[in-house]
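Novice: Could you have a look at this structure, given as structure tokens, before my questions?
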Amino acid sequence: MQPTPVVAPAIIVHQSPPQYQARDFRHDPVLATEEKYCFQTKTKLKVHDKILSSTLKFLDETSGKSIIKCEGKVFSLTDKKVLKDSEDGQVICTIKKELKTLAGIYKIYNKGNKEICKISEERTACKAKFTGHFTDAGNRHPERKILVKANLERKHCCIYLQEESYIVMANMEKVPHKVANSPIGEDEYLIEIEAGVDAALILALCVVVMNENAAFNMPRLAV
């Protein structure tokens, strides 16, 4: 009689959940546009998103000074958006949504019209996830991976640098309305950006999320 072979028990590999960490980027900046937008302290910016306005102004929360502005057509969710320096009016980067694809794909171009970032959207109900990469303008790294997790109903997002773990670079949240009869189609956002992170890149990604917020909430505004 042949001996019964011994079968080793199956080994179940449990995949660890993503790890989220913080980092001081000042000695290794996250740079995609220009170094002057990698501020050396944590930055808090406020922006009023009005449905009838073609311009967004990102204001320093403390001084109220406009740092960067975004220009684009009113009611257009697919037309290009242009980020400009509020002080000298120079173009920083341009945001374009691909029109020939089913998935939401956005590309960001620098002022020389060179593609520096590309992200693709995955949507589950009100939750959106954007994944992609951007080019390191400081030539310290190869292409760097990026993750944006957004809740379109609650109108907030968190932006991560993806390496061995997910490192928080910035977050954006809607400021609650102070009065019950606040204007329809008008929201205020607070954006926090870690020191050493390219604020222009972060604001371009926030514009993408605000675009998708508008598309998601448009039927509600029409009711």
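Numbering that gives the first Met the number 0 applies: residue 0 is where the sequence shown begins, and numbers increase by one.
A virtual CB, placed ideally from N, CA and C, is assigned to each residue, including glycine.
#1: Report yes or no: do the segment 138-145 and the segment 53-61 share at least 3 C-beta pairs separated by less than 8 Å?
#2: Tell me which residue opens and which closes the beta strand (DSSP E) that residue 31 is part of.
#3: In the DSSP assignment, find the unbroken beta strand (DSSP E) run with residue 147 in it and report its ends.
#4: Residue 198 and residue 93 - do their beta-carbons sit closer together than 8 Å?
#5: Taking 8 Å as the threshold, find out whether the segment 19-31 comes into contact with the segment 156-173 through three or more Cβ pairs.
#6: Can you say whether residue 114 is buried or exposed, counting buried as having 16 or more other CB atoms within 10 angstroms of its CB?
#7: Flag this pair as yes or no: are the beta carbons of residue 81 and residue 147 separated by less than 8 Å?
#8: Rounded C-beta distance between residue 226 and residue 65? I'm assuming under 8 Å.
#9: Just to confirm the assignment, what range does the beta strand (DSSP E) spanning residue 90 have?
#10: Starting from residue 46, trace the beta strand (DSSP E) both ways and give me its first and last residue.
#11: Please report how far the alpha carbon of residue 188 lies from the alpha carbon of residue 78, in whole angstroms.
#12: Which class does residue 174 belong to by DSSP, given the choice of helix, strand or coil?
#13: Rounded to the nearest angstrom, how far is the Cβ of residue 29 from that of residue 190, given a contact under 8 Å?
#14: Excluding the five sequence neighbours on either side, which residues of its own chain have a C-beta within less than 6 Å of the C-beta of residue 36, listed in chain order?
#15: Mapping the DSSP letters down to three states, classify residue 194 as helix, strand or coil.
#16: How long is the line joining the alpha carbons of residue 192 and residue 155, rounded to whole angstroms?
#17: If you draw a straight line from the alpha carbon of residue 135 to that of residue 203, how long is it in whole angstroms?
#18: Nearest-angstrom Cα distance between residue 216 and residue 171?
Specialist: The answer reads as follows:
#1: no
#2: No beta strand (DSSP E) holds residue 31; DSSP gives it neither H nor E.
#3: 143-150
#4: no
#5: yes
#6: exposed
#7: no
#8: The chain is shown only over 0 to 222; residue 226 falls outside these bounds and no answer can be derived.
#9: 90-96
#10: 42-49
#11: 22 Å
#12: coil
#13: Between residue 190 and residue 29 the Cβ distance is about 15 Å, and since that is not below 8 Å, they are no contact.
#14: 197, 198 and 199
#15: coil
#16: 14 Å
#17: 16 Å
#18: 17 Å
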